[in-house]
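**Q**
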Amino acid sequence: MKRFLFPVLPAFAVVLLAFGLAGCGAQKMTFLYPDERVDMALWGSRTPALYIDTITDLRPAVQRQGQGRFLRLTFPKDTSWEAPVTRIYADALVQDLEQTGLVELVPLASQADYLLSADLLSFTCELKRSALSYVLTGLIGGAAGFALGDDASHRAKLAVATAAVGMMAIPVPTDHRAEAEVRVTLRDRRGEIVWQRACLGEVSDRSHITPTARPDQELVTRNLTRATKRANACLFGQLRQFLHEQAEAAPTAD
Numbered sequence: 000m001k002r003f004l005f006p007v008l009p010a011f012a013v014v015l016l017a018f019g020l021a022g023c024g025a026q027k028m029t030f031l032y033p034d035e036r037v038d039m040a041l042w043g044s045r046t047p048a049l050y051i052d053t054i055t056d057l058r059p060a061v062q063r064q065g066q067g068r069f070l071r072l073t074f075p076k077d078t079s080w081e082a083p084v085t086r087i088y089a090d091a092l093v094q095d096l097e098q099t100g101l102v103e104l105v106p107l108a109s110q111a112d113y114l115l116s117a118d119l120l121s122f123t124c125e126l127k128r129s130a131l132s133y134v135l136t137g138l139i140g141g142a143a144g145f146a147l148g149d150d151a152s153h154r155a156k157l158a159v160a161t162a163a164v165g166m167m168a169i170p171v172p173t174d175h176r177a178e179a180e181v182r183v184t185l186r187d188r189r190g191e192i193v194w195q196r197a198c199l200g201e202v203s204d205r206s207h208i209t210p211t212a213r214p215d216q217e218l219v220t221r222n223l224t225r226a227t228k229r230a231n232a233c234l235f236g237q238l239r240q241f242l243h244e245q246a247e248a249a250p251t252a253d
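What follows is the structure, given as structure tokens:
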């Protein structure tokens with residue numbers, strides 16, 4: 000066992016270098032938000048006019064800056080996004096509101112029955128790996144190289160190389176998740192708060208990923224978009240109930 004273990008540490012140094020090079024010139028992250036039409040219109044009453052006022056970024060520093068390279072990764076950091084996170088969420092919010100028919104979005108605050116502001120409390124992905132994933136894939140690759148070598152020196156060099164290849168090529172079960180938490184505040188024409196709610200959307204999954212892979216874009220598209228959909232669906236369901244109650248309480252014209 001020990002003779003197969005020795006290639007893992009120098010191979011890990013090769014992997015460290017690969018991680019460093021991978022961070023250079025990386026493409027900006029995009030938020031490929033899917034269409035999903037759900038009819039939430041308030042039938043039998045006038046559709047309220049809504050103006051989207053401000054989107055405020057209140058995420059913790061670890062989400063803004065990103066964290067980790069090997070075992071537990073938090074991403075994307077702000078500089079990795081193609082646009083500010085507030086604009087990314089604002090676009091998703093507008094898209095979902097338009098596709099529900101719950102409100103009529105208006106371009107001017109003076110045209111609105113309500114002004115909506117949102118606080119982005121969380122908007123992030125996480126990927127968790129175990130140290131064992133590096134060791135096992137390195138051992139598998141190193142053992143293969145050791146067996147293929149012609150002599151002791153050649154076996155040692157080949158084992159280091161194939162251990163690094165093993166870490167970069169052998170997929171292992173990996174946990175990943177995403178969450179989007181948003182607090183929405185609704186104000187009337189006088190600027191008074193009439194409704195406020197916060198919702199958390201979460202997605203957790205597991206898939207086979209190599210220990211050195213950084214499929215950030217794939218996981219953002221796969222997990223964070225769905226987490227955002229869930230957060231918005233939670234908010235819209237409660238918002239619809241409020242608007243329905245307001246419509247029923249409003250005096251009817253004779």
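Numbering follows numbering that gives the first Met the number 0, with no gaps: position 239 of the sequence shown is 238.
Note that CB positions come from ideal geometry on N, CA and C, so glycine has one too.
None of these values were measured; they are calculated from a predicted model.
If you draw a straight line from the alpha carbon of leucine 138 to that of alanine 163, how long is it in whole angstroms?
**A** The count along the sequence shown starts at 1 and reaches residue 138 at position 139. The count along the sequence shown starts at 1 and reaches residue 163 at position 164. Answer to the nearest angstrom: the Cα atoms are 9 Å apart.
**Q** Mind checking arginine 128: buried by the 16 CB within 10 Å criterion, or exposed?
**A** As a first step, residue 128 is located in the sequence shown; it is residue number 129 there, counting from the start. The residue is buried, with at least 16 neighbouring Cβ atoms inside 10 Å.
**Q** Anyone know if the C-beta pair for glutamine 98 and arginine 196 falls short of 7 Å?
**A** The residue labelled residue 98 in the question sits at position 99 within the sequence shown. The residue labelled residue 196 in the question sits at position 197 within the sequence shown. No, the pair does not count as a contact, with Cβ atoms beyond the cut-off.
**Q** Looking at threonine 227 and leucine 31, is the spacing between their C-beta atoms short of 7 Å?
**A** Locating residue 31 in the sequence shown gives position 32, counting from the first residue. Locating residue 227 in the sequence shown gives position 228, counting from the first residue. In this structure, threonine 227 does not lie closer than 7 Å to leucine 31 by Cβ.
**Q** Looking at the strands, I want to know which residues DSSP matches up with alanine 48.
**A** If you number the sequence shown from 1, residue 48 lands on position 49. Glu103, per the DSSP bridge assignment.
**Q** Where does the unbroken alpha helix (DSSP H) through glutamate 247 begin, and where does it stop?
**A** Residue 247 sits at position 248 when you count from the first residue of the sequence shown. Here the alpha helix (DSSP H) through glutamate 247 covers 224-248.
**Q** I'd like to know whether the C-beta atoms of cysteine 124 and phenylalanine 74 end up nearer to each other than 7 Å.
**A** Residue 124 sits at position 125 when you count from the first residue of the sequence shown. Residue 74 sits at position 75 when you count from the first residue of the sequence shown. In this structure, phenylalanine 74 lies closer than 7 Å to cysteine 124 by Cβ.
**Q** If you run the structure through DSSP and keep just helix, strand and coil, what is isoleucine 54?
**A** Within the sequence shown, the letter at position 55 stands for residue 54. Three-state result, isoleucine 54: strand.
**Q** Tell me the DSSP secondary structure of glutamate 35 in three-state form.
**A** Taking the sequence shown and counting its residues from 1, one reaches residue 35 at position 36. Glutamate 35 falls in the coil class under three-state DSSP.
**Q** With DSSP as the reference, label phenylalanine 11 as helix, strand or coil.
**A** For the purposes of this step, residue 11 is taken as residue 12 along the sequence shown, with counting starting at 1. Caution applies to phenylalanine 11, whose pLDDT of 46 falls short of 50 and renders its modelled position unreliable; the model cannot decide the point.
**Q** Kindly list the residues whose CB is nearer than 6 Å to the CB of glutamine 237, restricted to its own chain and excluding five residues on each side of it in sequence; keep chain order.
**A** Sequence index remark: in the sequence shown, residue 237 carries index 238 (1-based). Hits under 6 Å: Arg196.
**Q** By how many angstroms is the C-alpha of serine 109 removed from the C-alpha of arginine 189?
**A** Here residue 189 refers to the residue found at position 190 of the sequence shown. Here residue 109 refers to the residue found at position 110 of the sequence shown. Cα to Cα, arginine 189 sits roughly 11 Å from serine 109.
**Q** Which residues mark the beginning and the end of the alpha helix (DSSP H) in which aspartate 217 is found?
**A** Here the question's residue 217 lines up with position 218 in the sequence shown. Just to set this straight, residue 217 is glutamate in the shown sequence, not aspartate. From DSSP, the alpha helix (DSSP H) with glutamate 217 extends over 215-218.
**Q** How far does the beta strand (DSSP E) with glutamine 195 in it extend, from its first residue to its last?
**A** As a working note, residue 195 is residue 196 in the sequence shown. Per DSSP, glutamine 195 belongs to the beta strand (DSSP E) from 192-208.
**Q** Can you pull the DSSP bridge partners for valine 171?
**A** As a position in the sequence shown, residue 171 is number 172, starting the count at 1. DSSP, once it has assigned bridges, lists Ile208 as partnering valine 171.
**Q** Which residue marks the beginning of the beta strand (DSSP E) containing arginine 71, and which one marks its end?
**A** What you label residue 71 is simply residue 72 of the sequence shown in a count that begins at 1. Residues 71-74.
**Q** I'd like to know whether the C-beta atoms of aspartate 56 and valine 84 end up nearer to each other than 7 Å.
**A** As a working mapping, residue 56 is identified with position 57 in the sequence shown. As a working mapping, residue 84 is identified with position 85 in the sequence shown. Yes. Within cutoff.
**Q** Alpha carbon to alpha carbon, what distance is there between glutamine 62 and glutamate 103?
**A** Taking the first residue of the sequence shown as position 1, residue 103 is located at position 104. Taking the first residue of the sequence shown as position 1, residue 62 is located at position 63. Approximately 33 Å, taken between the alpha carbons.
**Q** Terminal residues of the continuous beta strand (DSSP E) containing alanine 117?
**A** Taking the first residue of the sequence shown as 1, we reach residue 117 at position 118. Per DSSP, alanine 117 belongs to the beta strand (DSSP E) from 113-127.
**Q** In chain order, what residues of the same chain lie with their CB nearer than 6 Å to the CB of alanine 117, ignoring the 5 residues before and after it?
**A** One-based indexing of the sequence shown puts residue 117 at position 118. Only Ile54, Val181, Val183 meet the Cβ criterion.
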